[in-house]
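Peer 1: One structure coming up, written as structure tokens, with questions to follow.
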Amino acid sequence: MDAQAKKTALRGITYGLYVIGTKVGDDVNAFTGNWVTQTSFEPPLVAIGVKKDTTSYEGIRESGVFSVNVLESGQKDLAFSFFKPVSRVGNKFGDVEFYTSTTGSPILKDALYWFECKVTDTVDRGDHALVVGEVVDAGVHREGDPLTLKETGLFYGG
Ligand SMILES: Cc1cc2nc3c(=O)[nH]c(=O)nc-3n(C[C@H](O)[C@H](O)[C@H](O)COP(=O)(O)O)c2cc1C
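The sequence shown begins at 0 in numbering that gives the first Met the number 0 and counts up one residue at a time.
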């Protein structure tokens with residue numbers, strides 16, 4: 000396989016950029032992620048790709064729940080607040096306000112929309128795990144255009 004072609008082709012997949020939250024023990028954590036897609040209408044299922052050596056993956060595995068916060072176009076800085084590992088930078092929420100609903104996963108007050116999931120399946124292959132969750136709750140804070148990965152100028156994939 001042509002490695003450069005593989006990279007270019009995989010980077011041709013278009014993405015949004017989300018803050019994915021979970022519970023970690025009695026606390027919460029979140030990371031910025033773009034590997035998010037819906038995979039079923041009934042039941043409503045969503046799949047995310049989660050790096051296996053992260054606190055977030057540990058939290059998702061142990062709690063069996065996660066939230067997806069859909070950010071608004073222009074909220075690049077909010078997305079960037081959750082890139083770094085909590086193990087290195089400590090609590091990433093700072094003054095980012097959040098609340099919880101059905102699963103206890105963090106819901107950002109400034110996000111456009113949110114949904115939260117209970118994990119139904121995990122495929123533990125490669126450096127990221129494929130985690131499938133059933134959507135058990137969702138909400139709309141306001142209408143708007145979702146943030147895209149392209150808008151941030153970053154890539155995660157290839
Ligand atoms: C643009 C971008 C997109 C990312 N997308 C994902 C993703 O989809 N899945 C993932 O596991 N990590 C993704 N990451 C990396 C996580 O944000 C990063 O590993 C984070 O530090 C994990 O946080 P934690 O250790 O506190 O759980 C992405 C990073 C960047 C810069």
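Note that beta-carbon positions come from the ideal geometry of N, C-alpha and C, so glycine has one too.
Tell me which residues share the same chain as D123 and place their Cβ nearer than 7 Å to its Cβ, disregarding the 5 neighbours each side in the sequence.
Peer 2: none
Peer 1: Taking buried to mean at least 16 other C-beta atoms within 10 Å of its own C-beta, is L9 buried or exposed?
Peer 2: exposed
Peer 1: Here's the rule: buried if 16 or more other CB atoms are within 10 angstroms of the residue's CB, otherwise exposed. What is K108?
Peer 2: Under the 10 Å beta carbon count, K108 is surrounded by fewer than 16 other beta carbons and is classified as exposed.
Peer 1: Kindly list the residues whose CB is nearer than 6 Å to the CB of G15, restricted to its own chain and excluding five residues on each side of it in sequence; keep chain order.
Peer 2: P145, T147
Peer 1: Using the Cα positions of L111 and G103, report the straight-line distance between them to the nearest angstrom.
Peer 2: 19 Å
Peer 1: Check whether the Cβ of T53 sits closer than 6 Å to any heavy atom of ligand 1, and report yes or no.
Peer 2: yes
Peer 1: Residues in the same chain with beta-carbon distance under 7 Å from D120, minus the five sequence neighbours each way, listed in chain order, please.
Peer 2: Cβ within range, chain order: V131.
Peer 1: Please state if the CB of N33 and the CB of Y155 are separated by a distance shorter than 7 Å.
Peer 2: yes
Peer 1: Tell me whether the beta-carbon of K117 lies closer than 7 Å to the beta-carbon of V69.
Peer 2: no
Peer 1: My output table needs one value for I12: the three-state DSSP class, helix, strand or coil.
Peer 2: coil
Peer 1: So, F81 versus F30, is the Cβ gap smaller than 7 Å?
Peer 2: Yes, Cβ-Cβ distance for F81 and F30 is below 7 Å.
Peer 1: Closer than 6 Å to a non-hydrogen atom of ligand 1 - does that hold for the CB of F174?
Peer 2: The structure shown does not extend to residue 174, since the chain is modelled only from 0 to 157, so the question has no answer here.
Peer 1: Within this structure, are the beta carbons of V134 and F114 separated by less than 7 Å?
Peer 2: yes
Peer 1: Heavy atom of ligand 1 less than 6 Å from the Cβ of F65, yes or no?
Peer 2: Within 6 Å of the C-beta of F65 there is not a single heavy atom belonging to ligand 1.
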